[in-house]
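Numbering (our numbering), first residue to last: 179 to 430. Okay, structure first, notes after.
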Ligand code: MG
């Protein structure tokens, strides 16, 4: 156990030391994302989302650290999905598809779907194959590109889904994009009264300082609960997930 924790920490530090690569390309630079795909496809039970998530968690703890929401913070996202029971969902930051699998496996409403944005084309391919392996391809569309540059994709999706807004948004991409992309959603009326906004990495050490401040200073717009936990696969690193309900201003 202690060795596993040490090894995960080492693999986290290795990724963190290559931060420039990670922040520029969205990959750690050592091929771990492709290795994860190979491992999932050969190890996880096909068509079984829980098996896929378990395999991804175990691999992250024993082989390579990954920036998945993981099994410590995952239950917070699970509970939020339970609460909002969404039909039309947006994710910012697919990475390798861990949270997309988690979200899509909880979409129980008829015709419900997740639209997920990922800037790295290799990650898109990896995520699509992992989602396919979990048997959830019909519920997830992975869009290659940055949300702010591909707003039309989000608008078209809403039109296809016959919805004016997203019922639930999961924000888990670059920290400097949390606030601007949230504001884009708001300005484009892509959030409705009662929509859920869940944000990862809102803990005290890393994370989007400006978005944390925004959430704190706009309680009338975002009714928020913070759930404290630890960063993915790192028990010693405090982190939080916030779950907010978006409120439209009441007309006077
Ligand atoms: Mg995250």
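The beta carbon of each residue, even a glycine, is placed where N, CA and C say it ideally should be.
What are the complete alpha helix (DSSP H) segments, minimum 4 residues, inside the stretch 355 to 383? 356 to 365
Which same chain residues, not among the five before or five after residue 403, have their C-beta less than 6 Å away from its C-beta? Residue 403 sits at position 225 when you count from the first residue of the chain shown. Contacts found: 421.
So residue 425 and residue 371 are supposed to be a Cβ contact under 8 Å. How far apart are they, rounded? Within the chain shown, numbered from 1, the residue matching residue 425 stands at position 247. Within the chain shown, numbered from 1, the residue matching residue 371 stands at position 193. Yes, residue 425 and residue 371 are in contact; Cβ-Cβ is about 6 Å, under 8 Å.
Could you spell out the range, first to last residue, of the beta strand (DSSP E) harbouring residue 423? As a first step, residue 423 must be located in the chain shown, where it is residue number 245. Note, residue 423: beta strand (DSSP E), 416 to 424.
Hey, is the stretch 330 to 346 in contact with the stretch 370 to 385, meaning 3+ C-beta pairs nearer than 8 Å? yes
Secondary structure of residue 229, DSSP reduced to three states: Translated into the one-based positions of the chain shown, residue 229 becomes position 51. If DSSP states are grouped into helix, strand and coil, residue 229 belongs with the helices.
For residue 318 and residue 377, which I take to be in contact (beta-carbon distance under 8 Å), what is that distance rounded to the nearest angstrom? Locating residue 318 in the chain shown gives position 140, counting from the first residue. Locating residue 377 in the chain shown gives position 199, counting from the first residue. The pair is not a contact, with the Cβ atoms about 20 Å apart (cut-off 8 Å).
For residue 227, count the other beta carbons within 10 Å of its own beta carbon; 16 or more makes it buried, fewer makes it exposed. Which is it? On the chain shown, position 49 is the one that residue 227 refers to. That one is buried.
Just verifying my parser: in three-state terms, what is the DSSP assignment at residue 345? For this step, residue 345 is matched to residue 167 along the chain shown. Reduced to three states, the DSSP call for residue 345 is strand.
Pull every residue with its beta-carbon under 5 Å away from any heavy atom of the ligand MG, and keep them in chain order. 350, 378, 379
For residue 284, collect the residues of the same chain with a Cβ closer than 8 Å to its Cβ; drop the 5 residues on either side in sequence, then sort them by chain order. Taking the chain shown and counting its residues from 1, the one referred to as residue 284 is at position 106. If we look at residue 284 and ignore the five residues flanking it on each side, its Cβ neighbours are 256, 259, 260.
Just to confirm, are residue 250 and residue 411 a CB contact at a threshold of 9 Å? The residue labelled residue 250 in the question sits at position 72 within the chain shown. The residue labelled residue 411 in the question sits at position 233 within the chain shown. Going by C-beta atoms, residue 250 is nearer than 9 Å to residue 411.
Tell me, please, which residues DSSP counts as bridged to residue 266. Taking the chain shown and counting its residues from 1, the one referred to as residue 266 is at position 88. BP columns for residue 266 point to 291.
Looking at C-alpha atoms only, which residue of 315, 290, 363 is the closest neighbour of residue 262? Your numbering for residue 262 matches position 84 in the chain shown. Cα-wise, what sits closest to residue 262 is 290.
Assign residue 281 to buried or exposed, taking buried as 16 or more other Cβ atoms, counted over all protein chains shown, within 10 Å of its Cβ. Here the question's residue 281 lines up with position 103 in the chain shown. By the neighbour-count rule (16 or more Cβ atoms within 10 Å), residue 281 is buried.
Residues that DSSP places opposite residue 403 in a beta bridge: In the chain shown, residue 403 corresponds to position 225, counting from 1. Beta-bridge pairing links residue 403 to 421.
Assign residue 240 to buried or exposed, taking buried as 16 or more other Cβ atoms, counted over all protein chains shown, within 10 Å of its Cβ. Along the chain shown, read from residue 1 onward, the residue named residue 240 stands at position 62. Residue 240 should be labelled exposed.
Along the beta strand (DSSP E) that carries residue 322, what are the first and last residues, could you check? Here residue 322 corresponds to residue number 144 of the chain shown, with the count starting at 1. From DSSP, the beta strand (DSSP E) with residue 322 extends over 318 to 322.
Burial state of residue 395, where buried means 16 or more other Cβ atoms lie within 10 Å: Indexing the chain shown from 1 puts residue 395 at position 217. Residue 395 should be labelled exposed.
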